[in-house]
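See structure below.
Residue numbers (our numbering), protein chains in the order written: chain A, 23 to 500; chain B, 23 to 500.
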């Protein structure tokens with residue numbers, strides 16, 4: 023048959039070549055397609071549906087905290103980008119510049135936004151006048167552009183989709199509270215919806231956002247032991263406000279300088295979903311964002327009554343994202359395709375099951391087959407989807423916990439970095455030089471100073487031996 | 023009091039200066055803010071919430087017809103843009119060019135997408151191989167850039183938000199069917215959700231989309247009698263497919279060329295909402311997209327029991343988008359603000375009403391006050407919101423019907439164009455020259471050859487007097 027050509031082909035195994043496994047999955051599960059625009063990807067329906075579900079969930083969580091959405095311009099005039107010194111130093115080297123418009127050279131170059139702090143500052147300067155105008159908790163869903171040299175689908179591309187929240191407050195305390203609040207929104211979201219455990223913590227000065235006073239992060243561990251920074255939240259103090267001259271009349275009737283935050287989560291998180299849960303048969307999607315939670319596959323579908331029973335089953339499962347695969351492909355093809363695409367549950371129904379009043383649920387995560395009376399299908403589906411979520415989380419958490427190794431000496435540190443995929447817990451003196459040396463020696467970077475499990479394991483910096491200031495989680499990172 | 027400074031100020035009246043009225047509204051209702059980026063606007067929460075509601079409604083209608091969302095790159099390499107002759111001629115003069123990236127000059131310029139036909143063709147060439155891969159019904163929600171010289175919020179700006187659907191089909195008939203289907207989705211949506219009546223029809227060759235075989239449009243009439251093209255749907259035939267070399271193996275086992283469509287609706291439609299329904303007190307929003315459908319204003323809110331009753335009322339109305347305005351501003355301020363922002367219903371509740379077990383509904387569209395027993399509030403709200411929608415539509419439809427004037431001679435045509443705001447029904451020979459002459463003489467353009475009410479009103483072209491081919495709807499346009 024013609025479609026046999028499209029039969030789902032095997033993918034490289036994770037153990038053999040993790041990078042190739044990843045690339046195979048994004049292509050075979052039809053998440054992306056490469057484009058003629060170097061370094062930019064096309065997100066296909068199967069990939070975009072994930073992003074839509076992420077957006078829907080996260081947006082509701084934002085709004086529950088009082089966040090409002092806006093749309094800012096795509097472009098930043100060069101003069102505006104240059105206003106905050108650290109920020110422009112961080113971003114200018116990797117921006118794309120528009121120099122021509124409507125057939126004419128522009129008098130001032132416009133960069134395509136790599137992030138929008140400067141635009142929000144410019145807005146807040148115009149609309150914040152009194153303490154009564156504060157806070158503003160604005161967010162936008164958009165794409166940003168960073169001229170990366172090496173790119174990989176979802177993980178690093180010249181254009182990516184994200185949300186960026188930008189808030190402005192009367193006091194430092196309120197800004198700090200919002201910064202931590204949004205980090206927790208991210209941590210809860212990735213746990214409760216994506217089944218991904220993370221380590222919450224603070225970035226070192228070297229790793230913090232350009233222009234931020236402090237950056238908080240959630241760090242996830244991929245199947246190969248590498249870290250993926252999955253969401254960040256920045257407290258800007260009053261640095262940007264001062265650089266942009268934002269002032270408001272305070273309760274004291276004097277001019278005050280406000281405090282700002284920003285926080286973002288991007289399509290990188292789809293890379294995390296793939297690399298945390300996926301296996302050698304393809305994607306394994308958490309039920310919270312799977313475009314389809316259940317796929318019904320009729321067996322011997324031409325036999326009398328099978329399609330009717332399958333339709334009836336679908337109707338009974340309509341509270342879920344469910345599809346009946348009634349194509350003329352073989353059940354084997356359908357099984358393989360559903361596995362590649364990672365849908366959490368498959369339900370098989372054929373003449374023999376029907377006779378007994380049953381259908382068969384098959385879990386994507388474990389492959390387990392469960393025979394279920396048709397009348398109990400909705401209840402069982404609810405239970406299984408919840409259990410799949412819990413199992414995915416548990417497995418990922420076990421992996422995360424098992425692959426964090428303490429290192430008290432630099433020899434230990436280097437040995438782990440070379441031989442054991444995972445994170446390293448080690449003490450640090452607080453100096454950027456040590457971070458730089460560690461990175462040069464091992465390609466390992468500081469991921470964060472964790473909020474929890476941060477008790478000292480020794481008194482001295484693992485690198486220089488001087489007095490240690492913090493326990494740091496270290497790892498190789500995407 | 024400090025906030026008195028922010029007391030809603032009067033806006034210019036529509037009759038006095040319609041353009042200024044429009045500008046006043048977009049600012050005073052806080053829909054937009056101007057930005058430092060010339061020609062680009064910032065859409066504030068009150069404006070963006072409209073777009074979110076439009077997206078939600080329209081996206082569901084798209085998906086019900088089998089459309090899937092994707093995300094395409096922001097940039098188009100110059101060589102790709104140049105592939106289809108008519109298309110590049112139409113768009114190249116108004117694009118913005120990226121010439122530098124990551125500190126280096128690019129070897130090929132990239133234009134910031136003004137529309138994405140070329141990118142979708144490039145994708146379809148890669149993923150469409152067999153008739154089994156057809157149709158693809160893809161859409162994306164994004165922003166596009168066109169380097170306009172004169173800009174106005176929502177109506178014409180250098181960057182605007184829209185959706186663009188791009189489909190590819192096995193046969194011409196299927197493409198034509200999809201083209202008309204999506205036009206009807208737009209027409210139904212603006213009628214059923216935005217309460218805006220439109221005239222559906224076909225664009226003349228002069229007015230059709232660059233590269234299209236035919237363009238269908240829905241044309242709405244603003245309060246000042248001018249037209250706003252509110253959504254368009256294009257049948258490309260196989261022109262783009264040939265230019266891009268897209269081929270598929272057909273049911274005949276031979277190479278076939280597919281047929282394509284595209285269709286779009288943008289934030290311009292927010293301009294239509296403002297100019298169709300607004301009045302001298304501000305916005306008047308259709309309930310289908312109003313960010314708040316009901317605002318509860320407590321009267322003498324410090325009196326015992328008032329806030330409790332207001333809270334209880336809010337709870338009973340939670341099936342709607344409802345807010346209780348418990349700020350310390352005066353009821354008069356709140357009324358004026360709610361009117362400016364155009365929320366369909368206000369509910370007042372104070373000690374006197376409570377005693378009688380009543381609350382008072384006030385309609386934004388008519389100002390009518392209706393005393394309602396508190397226990398019947400949800401039912402009454404449902405009824406009133408439906409009636410507001412119906413009234414808004416009816417009023418707009420009456421205006422549209424009353425302001426279409428037939429013209430049999432060119433003298434009549436010119437007289438109407440000069441003296442009567444509205445549309446003109448007149449016969450046309452089919453020649454672009456006559457359209458150009460009419461535009462030069464009167465600034466009037468052909469809006470469409472309508473699908474309905476298109477019976478000939480004379481035998482000769484209103485401009486040249488030669489044999490007429492079509493009845494055309496003409497008008498001045500935004």
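Here a beta-carbon is modelled for each residue, glycine too, at the ideal position from N, C-alpha and C.
Using the Cα positions of residue i and residue j, report the straight-line distance between them to the nearest angstrom.
i	j	result
residue 28 of chain B	residue 159 of chain A	Caution applies to residue 28 of chain B, whose pLDDT of 44 falls short of 50 and renders its modelled position unreliable; the value that the coordinates give is listed next. Spanning the two alpha carbons is a distance of roughly 20 Å.
residue 415 of chain B	residue 309 of chain B	11 Å
residue 25 of chain A	residue 320 of chain A	Any answer about residue 25 of chain A is weak, because its pLDDT of 44 lies below 50 and its placement is not dependable; what the coordinates show is given next. Using only the alpha carbons, I get a separation of about 18 Å.
residue 313 of chain A	residue 32 of chain B	49 Å
residue 333 of chain A	residue 244 of chain A	39 Å
residue 39 of chain B	residue 100 of chain A	37 Å
residue 232 of chain A	residue 171 of chain A	19 Å
residue 204 of chain B	residue 255 of chain B	7 Å
residue 574 of chain B	residue 261 of chain B	Any question about residue 574 of chain B goes unanswered here, given that chain B covers just 23 to 500.
residue 249 of chain A	residue 218 of chain A	12 Å
residue 64 of chain A	residue 176 of chain A	10 Å
residue 125 of chain A	residue 113 of chain B	11 Å
residue 361 of chain B	residue 136 of chain B	36 Å
residue 191 of chain B	residue 297 of chain A	36 Å
residue 375 of chain A	residue 421 of chain A	38 Å
residue 220 of chain A	residue 209 of chain A	7 Å
residue 482 of chain B	residue 495 of chain B	15 Å
residue 446 of chain A	residue 369 of chain A	42 Å
residue 356 of chain B	residue 348 of chain B	10 Å
residue 399 of chain A	residue 344 of chain A	13 Å
Judging by CA-CA distance, which residue of the options is the nearest neighbour of residue i?
i	options	result
residue 86 of chain B	B:207, B:69 and B:102	B:207
residue 50 of chain A	A:58, A:188 and A:67	A:67
residue 474 of chain B	B:190, B:240 and B:130	B:240
residue 390 of chain B	B:398, B:380 and B:406	B:406
residue 440 of chain A	A:130, A:465 and A:183	A:465
residue 259 of chain A	A:322, A:284 and A:271	A:284
residue 156 of chain A	A:281, A:124 and A:103	A:281
residue 468 of chain A	A:145, A:251, A:302 and A:196	A:251
residue 242 of chain A	A:337, A:367, A:95 and A:213	A:213
residue 457 of chain A	A:478, A:493 and A:80	A:493
residue 372 of chain A	A:331, A:299 and A:482	A:331
residue 189 of chain A	A:173, A:263 and A:230	A:263
residue 397 of chain B	B:388, B:462 and B:382	B:382
residue 497 of chain A	A:55, A:111, A:225 and A:134	A:225
Let me know the secondary structure DSSP gives residue i once reduced to three states.
i	result
residue 13 of chain B	The structure shown has nothing for residue 13 of chain B, since chain B only spans 23 to 500.
residue 275 of chain B	coil
residue 111 of chain B	helix
residue 231 of chain A	coil
residue 439 of chain B	helix
residue 256 of chain A	strand
residue 377 of chain B	helix
residue 269 of chain B	coil
residue 425 of chain A	coil
residue 491 of chain A	coil
residue 160 of chain A	strand
Please specify which runs of the beta strand (DSSP E), each continuous and at least 3 residues long, are wholly inside the stretch 166-197 of chain A, giving them in chain order. 181-191
Check each residue of the stretch 85-116 of chain A: if its Cβ is closer than 9 Å to any Cβ of chain B, include it; give the result in chain order. 90, 91, 92, 93, 94, 95, 96, 97, 98, 99, 101, 102, 114, 115 and 116
Whole beta strand (DSSP E) elements within the stretch 447-486 of chain A, 3-residue minimum: 467-472
Check distances from the C-beta atoms of the stretch 146-167 of chain A to those of chain B and list, in chain order, the residues that come in under 8 Å. 148, 149, 152, 154, 160, 164, 165 and 167
Output needed in chain order: residues of the stretch 61-73 of chain B with a Cβ under 7 Å from some Cβ in chain A. 62, 64, 65, 66, 67 and 70
Interfacial residues, the stretch 300-311 of chain B to chain A, with Cβ spacing under 9 Å: none
At a CB distance below 8 Å, what residues from the stretch 182-211 of chain B approach chain A? Give them in sequence order. 183
When you check each C-beta in the stretch 37-60 of chain A against every C-beta of chain B, which residues fall closer than 7 Å? 55, 57, 58 and 59
At a CB distance below 8 Å, what residues from the stretch 392-409 of chain A approach chain B? Give them in sequence order. none
In chain order, each beta strand (DSSP E) run of at least 3 residues that lies wholly inside the stretch 24-81 of chain B: 54-56 and 63-65
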